[in-house]
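Protein chains in written order, with the numbering used here: chain W, 883 to 1364; chain L, 15 to 332; chain B, 10 to 229; chain C, 5 to 675.
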């Protein structure tokens, strides 16, 4: 094995081994520490993928420009979240919402989930990718239900049923792709290997590809949380432990999105197949507008940001649907920025909910006064997610809107309308959360600010200055996406 | 050399308006009295009034501020300067280019601004009534005035009174609908601005109907004298404005001999007399209108000014 | 030979679609379960037949799983659940039978239209198979959305999954088929367990999913 | 010698540094003096630099930083236009900082203001300097954000929270409009640099669309009716020196944006553009000042009067567009210069007036004019400068406000040369609107000064008022001096503005400096001329002459006595004319139309002891007709859609199913 495939292997091995150990070990401090260490290790392994030369794409594993973005982002947020969850879970233990037994389960599952997601990214085999996504989904289902309250169980159950249907649809799509590849490539493994598929896709049967893409779009789209397939998302975010909400919004959605993108590329190669753009644009706009309206009636702070995730996924899918170097670049950038910002927000929200002892927006006021650090972080986060400069999302929204308007003005109008709507709703809630007469518990919070600040610092930097190599590489990926 | 003579003309004009202003008012009052079958005071009565007021001591309300005491001089000065800039008997005054028609309107505006403030200074309700009504009237009169200015300036191609006067005196003007409208507008504005019937009654002493008088109710002595003098000047100013814009015959242009000056002065005084006669007749003929009819009156002036401005295209467009 | 092979495969696949329709038609839980068992059995048969004609032995495993797990274990389990939870026996339908059947017809037509577009390059067997599989999948979904009881929804899901297996096995030499079928069986097991003694049982008297949503009152 | 633009960027960097400093030293008690002192010094430096490059006509200098859009970098450019607006910005900034030195010490929660104040200044500077679409919008929105934080400084008042919300949403609306405009300008290729945009060709339809979007974007920031609603909410909510900046300077930055795009980037305009801008400007001017007249909250009144001045400026810009479209360079230059002159003037006296209002607020704690009065006795200096501001903003000679109005009127008088009949007819009409607005403004500020400073105190607070600190006074007096100087020496200002006109219009007004007696001559002497210096000299001479003679030869005796109360003295100050009663005549004239004002008099029958009641109800039609329905619509839809949150799993599944079937159907039909 070369150093490269070692690195890839590490990305997968560390989590799975960690999961095994964590399942075995008792004790909160130890497990939390191991969890952090494992995530750190994974991150380092992922980072090492930059320096070493790429391995040849094998039957199962693949490292290319597209997925390396996702892997690094994935492992990074995974790491920061593990740090955050350490302090968060500690508090949960004190309040007795979690028992040590479940805690062990939680940490193990956390690593399994990381494993699933990483596998989904590095897999070069559409079947394997499907399996990996399924693993990731099921683990998150279990973690959403971990509090075992009515609400949590119901959320988990809903997530589970809808997720399973999504999985089934995605599988059917995968089978169809295989069928399309069959006459050209011939039986067996190769007809499922991504790199082979992409090289020959031009000659596939378009009709099959079309049907396949619809099933894949819906199947994986369910996980992306596109309206109207989004139903599981808000509750899962609201009822699960906040670290999981952060991971769901920050990472799992990306995993599904990544899958969709892979198949979009595949379809784009085939001249006779339908162009996936219009479909994605439509679904993106639907999600954006729908979520924007839904934001106004939210009373639960975590559900609020869950809907904002739907909104942003809509924007991203819209961008990729528009295609073209600018829009694709913007889409990638937006995805990265959203992951960082949204998980950062969830870190803040988690601590806020813990210190205030409630998730009801109406019972939280004047945070900037009672808890300046948390309050202002929330302000920064919401300002960022609402697309205000000088934070990262502004740049991507700038590119998306301006390029769209220059190319298809009529599409830009609903887009801008949705953005403005969502903006209005978010700021409305922010004003009541962060300002005004303080309400609720004013006790100082023992929070771990580091992950939060790290994320926001990154977002801020990216909003003003993107390092050159990163840009070049994004642009390359953007061209890859066509 | 020319400059020197021009400056003398300028100073002469300033002295002239100063001298003539009270006389004009006296004449108007006299004629009005005659028309009402009264003998009326002598036409020199205004001079006597002024002198008497100047000699009297000033009674200030307790909480009158420095503004209250400065205002009379400011208003007087502003109006005097404005009056000095209107060509009466000679166009092309040395300093006429230091301010044009618009500036003159604005000068009168600042005079009114301070007077209205002074009305509010003491803090009685009468001053308030006066000021608020005054600014309401001004808010309509000024635009009307400016529209008149536009109309004339657009025709004469200048807002410079000397230029306008010479242009109007020249033969090429002829009779124009828009000019007529402008003149009527100007006259209406003049009536309003000088607090004449039918807008306001300079001789009233019933507080609730007063506008201008209510505003200066608190003034006495030399302050009152200044304000009265300002009022006289203002009347003269408007009349000579009308004359110089619409009847600029026999007005001397630069560099003419002393004889022509004499002629034009005579002509000017004659025009004044005619104007005062007309004013008196008009005032005795009409009744004062309620304060809240005034907006309609001035609105009409505004409309006339606008119409005049627009109609200038149809009436022998250039 | 090949013709015969084709015909039999065709017959079995068509049979599946037919049985899906029968499921749509049922209004008693037990009957529904029995029909599903039949569905699974036929699936097993067709998978086995595919294994035979493609002489791909690993498909026999899939067939076995289908037969044992879906045709026997799950139905039995559900029978017992129904008894134990005392779910009352007839199916509450959201949409009445007639329209459902019509919709089913439409779906089948749709899948035919879509699949017959496929160029002849793909071999006809695979193509027909896909058409049927697609219609089975859609019918399964239809069952899920037109039935109120959780049990019948589970059944719907399973029949959907049968469609998937049908498609997968129809695809010549598709790798991971077995793994996938196993994975799916696990998924279904999860659902069934979830329905049964897992959390749901300890909190709700009925698995009627509608009841889950009645706990919405306080939290929006 | 580093280029001018670099100097400015350094100043901005220093400002941002000050922000960091403010955050760091938020605990210490000296931070207020520290921060405002720093911003004062920095803005003075920046001002000097900008003035130099404006007067010395150093050509445009450019600078590209490796930030912002990666493949583009962040472009900055300092040309005449930018230099002029930098002068406006930094002058206001310096004055506000100086004022803040005193005013800020009364602040209860300085740590909510100090970090954002320098950031706000930095944002405004950067907007003016930015030379590519991305940087421009980034700084633009950053400016909005910082000012929003300042509006939210006193976040405990519910009104402020609402104000901040409306403000931020409107700002974002404007930004999105600008974003679309720039998207259109820079095309699908994404040529976001202003240089690229300038060189690109734009079809007439594109140009029209861009103009509309600019009117929405820049207009919403500047406060064009009906996009002005946030302005009277947000400007008063901020601390007074920030209000001064927002009203006096930030609106000008918006105007800068409009000029930059419409005059510079968009290429030759069409005369219809002029028509639109003219109409909007005129309407804004009149409506704004009418709102101001009806207002009794001093700071809100000032905010509304800002709207009026914005209207005046836009009218003048519209004139410039109309003239330029027809190739009348000289007239266009005149109108354009007039607009810039008014920009400058308004930044002077509006800041001054807000400072005055702030002074009143600090010494009485009141913004409601009905509770003030008689302050001229207790705050003589403040009242004097406030009076200067009022005279200036009422466009009365010899102060600066009159000069710009006068220039605009001169531009209006050029209209007969225009070929289009629409313009021939409309320009004088708009001129009439301006005249009306000016007269109403005079009335408005008679009210503002008279009710607030004259008469007798209407509340104990006003009774106990005292003069403000010397920093505030210094700031106010310097601005008042500027108003006066710009009024009597307009020629210098016009000449200073000429390079801007030259750059934007291609023509310039004739050189004024060598006219005799420093008078100004827009076109030629026979047409019109004005000499503020002489007018001032005349008035002073005449007045002092009168004073001298009277005091020399007539009496100078003074006796104090009670005021004449129509027979009986009224003891209570409540009997004075109030602000509402002062505007009652004007309300009767215009109110019924503009505000649907209705007066209800309830006069008890004779012998009935209950008091008589008089009630006026007025409506803000813009809110009621435009914004309220919009918000209601949004909430209605939100409610409707919200039901999707509470479905059963089966229904959610049906949604998925329906989507699937639809897509399949689409596929079946489409391909």
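In this text, a Cβ means the ideal position worked out from N, Cα and C, and glycines have one as well.
Asked	Found
Sequence-distant residues of the same chain with beta carbon closer than 6 Å to residue 206 of chain B, five excluded per side	Confidence at residue 206 of chain B is low in this model, with a pLDDT of 46, below 50, so its placement is unreliable and no value can be given for it.
Close beta carbons around residue 76 of chain C, own chain, < 8 Å, minus the five adjacent residues each side	136, 138, 196, 197
Coil, strand or helix - residue 82 of chain L by DSSP	helix
Beta-bridge pairing of residue 136 of chain C - partner residues as DSSP gives them	C/197
CA-to-CA distance, residue 225 of chain L to residue 313 of chain L, given in whole angstroms	18 Å
CB of residue 1203 of chain W within 8 Å of CB of residue 1166 of chain W, strictly	yes
Alpha carbon of residue 546 of chain C to alpha carbon of residue 244 of chain L, nearest angstrom	12 Å
Selection from W/1219, W/1209, W/1313 that minimises the alpha carbon distance to residue 1258 of chain W	W/1313
Residues that residue 159 of chain C contacts on chain W, provided the C-beta gap is smaller than 7 Å	1317, 1318
Residue 518 of chain C: contacting residues in chain L (beta-carbon distance under 7 Å)	Correct list: empty, because the minimum Cβ distance to chain L is about 15 Å.
Residue 1221 of chain W beta carbon less than 8 Å from that of residue 955 of chain W	yes
Residue 80 of chain C - partner residues in DSSP beta bridges	C/67, C/134
Own chain residues within Cβ distance below 6 Å of residue 66 of chain C, not counting five before or after	81
Residue 210 of chain C - partner residues in DSSP beta bridges	Note: residue 210 of chain C sits in no beta bridge, so no partner.
As assigned by DSSP and simplified to three states, the class of residue 300 of chain C	coil
Closest by C-alpha distance to residue 91 of chain C, when choosing among C/323, C/119, C/501	C/501
Contact with chain W by residue 20 of chain B, beta-carbon distance below 8 Å	no
Contact between the stretch 386-395 of chain C and the stretch 479-487 of chain C (3+ Cβ pairs under 8 Å)	yes
Cβ distance (whole Å) where residue 351 of chain C is taken to contact residue 252 of chain C below 8 Å	4 Å
Beta bridge counterpart(s) of residue 44 of chain C as assigned by DSSP	Residue 44 of chain C pairs with nothing; no bridge assigned.
Pairwise C-alpha distance: residue 102 of chain L and residue 283 of chain L	9 Å
Coarse secondary structure for residue 302 of chain L, derived from DSSP in three states	coil
Residues sharing a beta bridge with residue 74 of chain L, DSSP	C/564
Residue 166 of chain B: contacting residues in chain W (beta-carbon distance under 9 Å)	1043, 1046, 1047, 1050
Secondary structure of residue 111 of chain C, DSSP reduced to three states	coil
For residue 60 of chain C, three-class secondary structure by DSSP	coil
Range covered by the beta strand (DSSP E) that runs through residue 161 of chain C	Premise fails: residue 161 of chain C is in no beta strand (DSSP E) and is neither H nor E.
Residues, ordered as in the chain, of the stretch 101-113 of chain B that lie near chain C by beta-carbon distance below 8 Å	103
Rounded separation between residue 1282 of chain W and residue 1137 of chain W - CA only	22 Å
Straight-line Cα distance separating residue 285 of chain L from residue 114 of chain L	23 Å
Residue 95 of chain C burial status per 10 Å Cβ neighbour count (16 or more: buried)	buried
Neighbour list for residue 646 of chain C in chain W, Cβ cutoff strictly below 7 Å	1176, 1179
Residue interval of the alpha helix (DSSP H) (run including residue 1253 of chain W)	Segment: none, residue 1253 of chain W is in no alpha helix (DSSP H) and carries neither H nor E.
Minimum C-alpha distance to residue 426 of chain C - residue among C/523, C/550, C/298, C/280	C/280
Closest residue to residue 1145 of chain W among W/952, W/1180, W/1079 (Cα-Cα distance)	W/1079
Nearest-angstrom beta carbon gap, residue 98 of chain B and residue 39 of chain B [assumed within contact, 8 Å]	7 Å
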